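Below is one structure, written out as C-alpha cells, with a few remarks after it.
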Amino acid sequence: MADLKQRLQSDLTEAIRSRDEVTAATLRMALTAIRSGEVAGTVARELSDDEVLAVLGKEGKKRREAATAFADAGRTEQSARELAELAVLEGYLPQQLSDDDLAALVTSAIADAASSGATGMAAMGRVMKAVQPQVAGRAEGGRIAAEVKRQLAAG
55 MADLKQRLQS
65 DLTEAIRSRD
75 EVTAATLRMA
85 LTAIRSGEVA
95 GTVARELSDD
105 EVLAVLGKEG
115 KKRREAATAF
125 ADAGRTEQSA
135 RELAELAVLE
145 GYLPQQLSDD
155 DLAALVTSAI
165 ADAASSGATG
175 MAAMGRVMKA
185 VQPQVAGRAE
195 GGRIAAEVKR
205 QLAAG
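Counting along the sequence shown from 1, when you hit position 154 you're at 208 in the numbering used here, and nothing is skipped either side.
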C-alpha cells in the first residue's frame, strides 16, 4: 500500500479516536476519492504516492472553490467548514511555491522559449509545457497560467 494512503488511514483512525469530526470527515472524503481513482478505468489498481497527491490536490482545489462560492453567497459557516477541510488536506500536500519562486521559474522558461524563436503570447504553450513538470503539484495551473500571461504581456 502506498505510504501516503497508509498515513491517511492511520490519521483517520486517530481522528476518530480523538473525536475530531472535521479531520475525520475530511480524511474519509479523501480516502473515498482515492478509492474511486483506484477503481476507475478498466482494471483496478493501487495508486502511487504521486497519484494520491494529485487526488488530494484536486480535492483541495474543490474545497478552495467551494469556500469562495459560499463566502460570495453569504454562507460564512459553510465557507469556514470548507476552509477547515482545506487546512486538513494541505497538511498532506507539498509546500506551495511562493510567487517569487514561480516568477523565477516562468522567467527562465520564457528565456528558453525565446532562444528557440517563440516570443509573445504565441510562446505561452511552450512556456506552460516547460514549467508544469518543474512545478509538479506545488502550484495550481491557473496560478501558473496567470504568471505566464503577466510576464509575456510585460515582456
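Don't be surprised by glycine CBs; every beta carbon is placed ideally from N, CA and C.
As the structure is a prediction and not an experimental result, all values here were calculated from the model.
Neighbour-count burial assignment, residue i, 16 or more Cβ in a 10 Å radius
i    : result
D65  : buried
K112 : exposed
E201 : buried
V76  : exposed
A127 : exposed
A163 : buried
A84  : buried
V93  : exposed
V142 : buried
V97  : exposed
Sequence-distant residues of the same chain with beta carbon closer than 8 Å to residue i, five excluded per side
i    : result
L137 : R117 and A121
D57  : D103
A78  : L66, A69 and I70
Cβ-Cβ separation, residue j to residue i (assumed contact under 8 Å), whole Å
i    : j    : result
P148 : G114 : That belief does not hold up - the Cβ atoms of P148 and G114 are roughly 11 Å apart, past 8 Å.
T80  : E139 : 4 Å
G91  : E105 : 7 Å
I198 : M175 : Wrong, their Cβ atoms sit about 15 Å apart, outside the cutoff.
L156 : A193 : 6 Å
Q188 : L159 : 6 Å
T173 : Q205 : The pair is not a contact, with the Cβ atoms about 12 Å apart (cut-off 8 Å).
Proximal residues to residue i (C-beta, below 6 Å), its chain only, five neighbours per side dropped
i    : result
A177 : A167
S72  : none
Own chain partners of residue i with C-beta closer than 7 Å, once the 5 adjacent residues on each side are dropped
i    : result
Q63  : L85
L110 : A84, L143, Y146 and L147
I88  : K59, L101, V106 and V109
Exercise for review: Only counting runs of 4 or more residues, tell me where the alpha helix (DSSP H) segments fall wholly within the segment 58-130, in order along the chain.
Suggested key: Annotation: the segment 58-130 contains the following complete segments of the alpha helix (DSSP H) (minimum length 4 residues), in chain order: 75-93 and 103-126.
**Study point:** Start-end ranges of the alpha helix (DSSP H) lying completely within the segment 146-209, minimum 4 residues
**Key:** 153-169, 178-189 and 195-208
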